[in-house]
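See structure below.
Protein chains: 4
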Amino acid sequence: MKAFAVNCTLKQGGEASSTDVLLDQISEELGRHGVSLERVRVADLDVKPGVTADEGDGDAWPEVRRSVLDAELFVLATPIWMGHPCSNAQRVLERLDAFISDTDDRGQMRTADRVAMVAVVGNEDGAHHVGAELFQGLSDVGFTLAAGAMTYWVGEAMASTDYKDLDAAPEKTAQTTATMVANAVHLAEALAARPYPEL
Amino acid sequence: MKAFAVNCTLKQGGEASSTDVLLDQISEELGRHGVSLERVRVADLDVKPGVTADEGDGDAWPEVRRSVLDAELFVLATPIWMGHPCSNAQRVLERLDAFISDTDDRGQMRTADRVAMVAVVGNEDGAHHVGAELFQGLSDVGFTLAAGAMTYWVGEAMASTDYKDLDAAPEKTAQTTATMVANAVHLAEALAARPYPEL
Amino acid sequence: MKAFAVNCTLKQGGEASSTDVLLDQISEELGRHGVSLERVRVADLDVKPGVTADEGDGDAWPEVRRSVLDAELFVLATPIWMGHPCSNAQRVLERLDAFISDTDDRGQMRTADRVAMVAVVGNEDGAHHVGAELFQGLSDVGFTLAAGAMTYWVGEAMASTDYKDLDAAPEKTAQTTATMVANAVHLAEALAARPYPEL
Amino acid sequence: MKAFAVNCTLKQGGEASSTDVLLDQISEELGRHGVSLERVRVADLDVKPGVTADEGDGDAWPEVRRSVLDAELFVLATPIWMGHPCSNAQRVLERLDAFISDTDDRGQMRTADRVAMVAVVGNEDGAHHVGAELFQGLSDVGFTLAAGAMTYWVGEAMASTDYKDLDAAPEKTAQTTATMVANAVHLAEALAARPYPEL
Chain A
437 MKAFAVNCTL
447 KQGGEASSTD
457 VLLDQISEEL
467 GRHGVSLERV
477 RVADLDVKPG
487 VTADEGDGDA
497 WPEVRRSVLD
507 AELFVLATPI
517 WMGHPCSNAQ
527 RVLERLDAFI
537 SDTDDRGQMR
547 TADRVAMVAV
557 VGNEDGAHHV
567 GAELFQGLSD
577 VGFTLAAGAM
587 TYWVGEAMAS
597 TDYKDLDAAP
607 EKTAQTTATM
617 VANAVHLAEA
627 LAARPYPEL
Chain B
437 MKAFAVNCTL
447 KQGGEASSTD
457 VLLDQISEEL
467 GRHGVSLERV
477 RVADLDVKPG
487 VTADEGDGDA
497 WPEVRRSVLD
507 AELFVLATPI
517 WMGHPCSNAQ
527 RVLERLDAFI
537 SDTDDRGQMR
547 TADRVAMVAV
557 VGNEDGAHHV
567 GAELFQGLSD
577 VGFTLAAGAM
587 TYWVGEAMAS
597 TDYKDLDAAP
607 EKTAQTTATM
617 VANAVHLAEA
627 LAARPYPEL
Chain C
437 MKAFAVNCTL
447 KQGGEASSTD
457 VLLDQISEEL
467 GRHGVSLERV
477 RVADLDVKPG
487 VTADEGDGDA
497 WPEVRRSVLD
507 AELFVLATPI
517 WMGHPCSNAQ
527 RVLERLDAFI
537 SDTDDRGQMR
547 TADRVAMVAV
557 VGNEDGAHHV
567 GAELFQGLSD
577 VGFTLAAGAM
587 TYWVGEAMAS
597 TDYKDLDAAP
607 EKTAQTTATM
617 VANAVHLAEA
627 LAARPYPEL
Chain D
437 MKAFAVNCTL
447 KQGGEASSTD
457 VLLDQISEEL
467 GRHGVSLERV
477 RVADLDVKPG
487 VTADEGDGDA
497 WPEVRRSVLD
507 AELFVLATPI
517 WMGHPCSNAQ
527 RVLERLDAFI
537 SDTDDRGQMR
547 TADRVAMVAV
557 VGNEDGAHHV
567 GAELFQGLSD
577 VGFTLAAGAM
587 TYWVGEAMAS
597 TDYKDLDAAP
607 EKTAQTTATM
617 VANAVHLAEA
627 LAARPYPEL
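Chains as they are written, first to last, in my numbering: chain A, 437 to 635; chain B, 437 to 635; chain C, 437 to 635; chain D, 437 to 635.
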């Protein structure tokens, strides 16, 4: 079983990302279940604006799309900016939108039988709303969401500490991550054994 | 297999509710899969404000809560007011909140292995956002969401037609409802056969 | 100049409310500008469900509505539950909805020339989203929003400290409250001197 | 008095944009009040990802930022994708974020005394939520919002008509646009005559 994560940080590859730190912790939990996590950063790729599966010359999305389809588990990971999913996360949703009309011979979207998780990090406030936006987008484009499909960390109101500067994952976030991963892996196995029906 | 729906319309029992019409259509689809749907209207019950499982004397929630737990499928159905889930839907979420600390001997919330669906109706605009709010609330309190976990109808911007006054379900809504139900029933069966693990 | 606040806490009058503590601080800031703040708790009133200006026998809304119209400044104050405005806040929005078709001889809604502020408190996460929901609702029903129209406090992710148990307002929240009040009072004065035009 | 609009369509300049059609109508209404509207398309500019006022070499934002500050009225116009503000609109909010720490000698953000409007277009559903997200972002970064600060159009649920293909603005949208503009122009004049105070 494979997992694939898209890190939507605004920071390019050289720069440390709090979202990556949360993904490290998700990766470790996935490892306990024998699942490996591959990941990419949108900021390092030329994902073109648009709502089709392939926006042409130089578009990095088709390869990201293949990685999404190659894995049974998908992690959409984003920082919070202005209380919202960051622009790179919204761009990923816009590109995922093309799955709505991309169905297989069951009449299901090509994403069917894949389980999604959401990871959200910010200095302060916004995780539940970001989760809401991403859950709705992911469900719309055919992903399944296990019980407790989000893990997150934010600091106190108007604080400026970064998650990457904490010494360790706070206990509650660590526990939420572990539960999220255990349930998502279980559900992906259940769907692998019993895929969605023909519509 | 049983399904239980909470209709969050602001209208009391005697009054026709567009949300009920959408629930009728969900009920019919569930019937095709051999699943019966029981339903209640929050507006007809004295569901007390609060965030515990039982708010005491006269609180109708404990019985609603039992019905939620007695069914493998849960439908949260709400009209849109001001672009948001209506106040009765938010009250239901507040009461469901108590499941977060109500875990079974697996360490899972008591709602685990139950699959939720969302049904949203309005004169105009707001369905996706209402879906987002409800998905996040339902995932937080332990429900699982199948691919395409929402069905909805709204009219054109600033329009005033009621769903209950349409001659029939518009084709796209009907198809979305059918897909939602097929996938949710499938997922509930998969989870019945293979419940979430001990945490 | 007068201000009127609706506290949407789920707690009834006898019980201490963090939202009230934030309202105390807003009241103090209003006092520095010579504005007095009257306030009510929805939880202590029988505000009936519905979307009209008067839902009949025993409905407490018509009096709340009069207080809203009697003041130049309106404060909508709510705790966060499940990351959303609490059910009482949504009920207030549903009742305010009636202003959309309640216009004066300028063709403006009766709320025109009134400035709204938003106050949000939670144990953790959700303030910006609650602000977003309330801003949109308040603008839809005719209120004007000054620069920086929200103040808030939330704790770290998944924390359980109550705002009412802090020794004092954290400096950043205090400063945000002071700015919000200064700008709102200014804008209400500007609109009193120069009311919105005939449409 | 000047107005400046940012069109956040995903489409580049050569392609017709429904958002532009709504901006044409806003422009016409502004003209009735003697206000001219300048506009840019984010999709045609290299607005770099980030949250500072200038992200360096080749960043188109500093010039957009100057146009925002040169005008008394700001229009943030966006299509709806996945029920959310599109990624270009979120990028604009991320760049506006820098105003939070960019204050003048009054201690006010440099955006103070500027009035913002929101214009939202989609095939179906999502306008109120997009408005909510943008209102909150705009208020956070110092803009003032007049009564009825949004105009919008969306079609029926799951419909695919584009606003640009309608013969004319539907009457309700036209009226909402006219009211939005009249109130915003009035408020900008009121703030020009009586700017926000020193904090």
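Here a beta-carbon is modelled for each residue, glycine too, at the ideal position from N, C-alpha and C.
### Message
If we require 4 or more residues per run, which alpha helix (DSSP H) segments fall completely within the stretch 458-513 of chain C?
### Response
Counting whole runs of 4 or more residues, the stretch 458-513 of chain C contains the alpha helix (DSSP H) stretches 497-506.
### Task
Identify, in the order they occur along the chain, each residue of the same chain with its Cβ nearer than 6 Å to the Cβ of residue 494 of chain D, setting aside the five sequence neighbours on each side.
For this step, residue 494 of chain D is matched to residue 58 along the fourth sequence. Cβ within range, chain order: 482.
### Query
Mind checking if residue 625 of chain B is an interface residue toward chain D, Cβ cutoff 8 Å exclusive?
The residue you call residue 625 of chain B lines up with position 189 of the second sequence. No, its Cβ sits nowhere closer than 8 Å to a Cβ of chain D.
### Interface residues of the stretch 553-574 of chain C facing chain D [CB-CB below 7 Å]
For the stretch 553-574 of chain C, which is checked against every Cβ of chain D, the residues closer than 7 Å are 564, 567, 568, 569, 571, 572.
### Task
May I ask which residues mark the beginning and end of the alpha helix (DSSP H) holding residue 615 of chain A?
For this step, residue 615 of chain A is matched to residue 179 along the first sequence. Segment 607-629, the alpha helix (DSSP H) holding residue 615 of chain A.
### Task
Taking only the alpha-carbon atoms, compute the straight-line gap between residue 451 of chain B and residue 486 of chain C and give it to the nearest angstrom.
Position 15 of the second sequence holds residue 451 of chain B. Position 50 of the third sequence holds residue 486 of chain C. Taking the straight line joining both Cα atoms gives about 13 Å.
### Query
Going by the beta-carbon positions, is the gap between residue 592 of chain D and residue 591 of chain B smaller than 8 Å?
Counting from 1 along the fourth sequence, the entry for residue 592 of chain D is found at position 156. Counting from 1 along the second sequence, the entry for residue 591 of chain B is found at position 155. Taking the C-beta atoms as reference points, residue 591 of chain B is found nearer than 8 Å to residue 592 of chain D.
### Task
Rounded to whole angstroms, what's the CA-CA distance from residue 615 of chain C to residue 521 of chain A? Just pull it up for me.
Sequence index remark: in the third sequence, residue 615 of chain C carries index 179 (1-based). Sequence index remark: in the first sequence, residue 521 of chain A carries index 85 (1-based). Taking the straight line from one Cα to the other gives about 27 Å.
### Query
In terms of DSSP beta bridges, what is residue 443 of chain A paired with?
Along the first sequence, read from residue 1 onward, the residue named residue 443 of chain A stands at position 7. Looking at the DSSP assignment, residue 443 of chain A forms a beta bridge with A/477, A/513.
### Query
How far does the beta strand (DSSP E) with residue 560 of chain B in it reach, from first residue to last?
Indexing the second sequence from 1 puts residue 560 of chain B at position 124. Residue 560 of chain B -> beta strand (DSSP E) spans 551-560.
### Task
Determine, using beta carbons only, whether residue 645 of chain A comes closer than 8 Å to chain C.
Outside the displayed range of chain A (437 to 635) lies residue 645 of chain A, so it cannot be described from this structure.
### Query
Distance, Cα to Cα, residue 498 of chain C vs residue 524 of chain C?
As a position in the third sequence, residue 498 of chain C is number 62, starting the count at 1. As a position in the third sequence, residue 524 of chain C is number 88, starting the count at 1. When only Cα atoms are considered, residue 498 of chain C and residue 524 of chain C end up about 16 Å apart.
### Query
Which residues in chain C sit within 9 Å of residue 529 of chain B, going by Cβ to Cβ distance?
Translated into the one-based positions of the second sequence, residue 529 of chain B becomes position 93. Here the neighbours are 517, 518, 520, 523.
### Task
Give, in chain order, every residue of the stretch 582-606 of chain D whose Cβ lies closer than 8 Å to some Cβ of chain C.
Using a CB distance below 8 Å, the part of the stretch 582-606 of chain D facing chain C consists of 582, 583, 584, 585, 586, ordered along the chain.
### Local conformation of residue 602 of chain B per DSSP, three classes
As a working note, residue 602 of chain B is residue 166 in the second sequence. DSSP places residue 602 of chain B in the coil class of the three-state scheme, outside both helix and strand.
### Query
What is the DSSP secondary structure of residue 577 of chain B, counted as helix, strand or coil?
Position 141 of the second sequence, counted from the start, is the residue given in the question as residue 577 of chain B. Residue 577 of chain B falls in the coil class under three-state DSSP.
### Query
What is the rounded straight-line gap between the Cα of residue 601 of chain B and the Cα of residue 448 of chain A?
Here residue 601 of chain B is taken as the residue at index 165 of the second sequence, counted from 1. Here residue 448 of chain A is taken as the residue at index 12 of the first sequence, counted from 1. When rounded, the distance between both Cα atoms is 53 Å.
#### Entry: Beta-bridge partners of residue 520 of chain D, as assigned by DSSP
As a working mapping, residue 520 of chain D is identified with position 84 in the fourth sequence. According to DSSP, residue 520 of chain D bridges with D/517.
### Task
Taking 8 Å as the cut-off, decide whether the C-beta atoms of residue 576 of chain A and residue 545 of chain D are in contact.
Residue mapping note: residue 576 of chain A aligns to position 140 of the first sequence, counting from 1. Residue mapping note: residue 545 of chain D aligns to position 109 of the fourth sequence, counting from 1. Between residue 576 of chain A and residue 545 of chain D, the gap from beta carbon to beta carbon reaches 8 Å or more.
### Query
Does the beta carbon of residue 533 of chain C fall short of 7 Å from some heavy atom of the ligand GTP?
The model on display carries no ligand, and the ligand GTP is accordingly not part of it.
### Query
With 16 other CB atoms within 10 Å as the buried threshold, where does residue 620 of chain C fall?
Against the third sequence, residue 620 of chain C aligns to sequence position 184. Buried is the call here.
### Which listed residue (A/441, A/564, A/535) has its alpha carbon closest to that of residue 456 of chain A
Here residue 456 of chain A is taken as the residue at index 20 of the first sequence, counted from 1. Between residue 456 of chain A and the set A/441, A/564, A/535, the nearest pair of CA atoms involves A/441.
### Task
Could you check the C-alpha separation between residue 551 of chain A and residue 580 of chain A for me, to the nearest Å?
Translated into the one-based positions of the first sequence, residue 551 of chain A becomes position 115. Translated into the one-based positions of the first sequence, residue 580 of chain A becomes position 144. The alpha-carbon atoms of residue 551 of chain A and residue 580 of chain A are separated by roughly 5 Å.
### Message
Measuring CB atoms only, is the stretch 564-574 of chain D touching the stretch 563-572 of chain C, in the sense that at least three cross pairs come out at less than 8 Å?
### Response
Enough Cβ pairs lie closer than 8 Å, so yes.
### C-alpha gap between residue 529 of chain A and residue 438 of chain C, whole angstroms
For the purposes of this step, residue 529 of chain A is taken as the residue at position 93 of the first sequence. For the purposes of this step, residue 438 of chain C is taken as the residue at position 2 of the third sequence. Answer to the nearest angstrom: the Cα atoms are 46 Å apart.
### Message
Is the beta carbon of residue 617 of chain A closer than 8 Å to that of residue 588 of chain A?
### Response
Translated into positions along the first sequence, residue 588 of chain A becomes position 152. Translated into positions along the first sequence, residue 617 of chain A becomes position 181. In this structure, residue 617 of chain A does not lie closer than 8 Å to residue 588 of chain A by Cβ.
### Query
How would you list, in chain order, the residues of chain D whose beta-carbon sits under 8 Å from the beta-carbon of residue 609 of chain B?
Taking the first residue of the second sequence as position 1, residue 609 of chain B is located at position 173. From the beta-carbon of residue 609 of chain B, the residues of chain D found nearer than 8 Å are 593, 594.
### Task
Please compile the residues from chain A whose C-beta is within a distance smaller than 9 Å of the C-beta of residue 612 of chain B.
What you label residue 612 of chain B is simply residue 176 of the second sequence in a count that begins at 1. Neighbourhood of residue 612 of chain B in chain A, by CB distance below 9 Å: empty, with the nearest CB roughly 10 Å away.
### Message
Just list the residues that DSSP pairs residue 594 of chain C with in beta bridges.
### Response
Numbered from 1 along the third sequence, position 158 holds the residue referred to as residue 594 of chain C. Answer is none; residue 594 of chain C lacks a bridge partner.
### Within chain B, partners of residue 479 of chain C - CB distance below 7 Å
As a position in the third sequence, residue 479 of chain C is number 43, starting the count at 1. Near residue 479 of chain C (Cβ distances below 7 Å), the residues of chain B are 485.
### Message
Give me, in chain order, the residues of the same chain whose beta-carbon lies closer than 6 Å to that of residue 553 of chain B; leave out the 5 immediate sequence neighbours on both sides.
### Response
By 1-based counting over the second sequence, the position of residue 553 of chain B is 117. 511, 585, 616, 620, listed in sequence order.
### Message
Would you say residue 512 of chain D lies against chain A (beta-carbon separation less than 8 Å)?
### Response
On the fourth sequence, residue 512 of chain D is found 76 positions in, with the first residue counted as 1. Interface with chain A (8 Å Cβ-Cβ cutoff): residue 512 of chain D is excluded.
### Query
Between residue 635 of chain B and the rest of its own chain, which residues show a CB-CB distance below 6 Å, the 5 nearest in sequence each way excluded?
Within the second sequence, numbered from 1, the residue matching residue 635 of chain B stands at position 199. Leaving aside the five residues that flank residue 635 of chain B on each side, the residues in its chain whose CB is nearer than 6 Å to its CB run, in chain order, 543.
#### Entry: Residue from D/464, D/505, D/476 with nearest C-alpha to residue 453 of chain D
Walking along the fourth sequence from the start, residue 453 of chain D turns up at place 17. Nearest neighbour of residue 453 of chain D by Cα position, chosen from D/464, D/505, D/476, turns out to be D/476.
### Query
Once you ignore the five residues that flank residue 490 of chain B on each side, which residues in its own chain have a CB closer than 6 Å to its CB?
As a first step, residue 490 of chain B is located in the second sequence; it is residue number 54 there, counting from the start. The beta carbon of residue 490 of chain B lies closer than 6 Å to those of 498 in the same chain, with the five residues before and after it left out.
### Message
So that I know if they touch, is there some Cβ in chain B lying closer than 8 Å to that of residue 526 of chain C?
### Response
For the purposes of this step, residue 526 of chain C is identified with residue 90 of the third sequence, where counting begins at 1. By this cut-off, residue 526 of chain C is an interface position.
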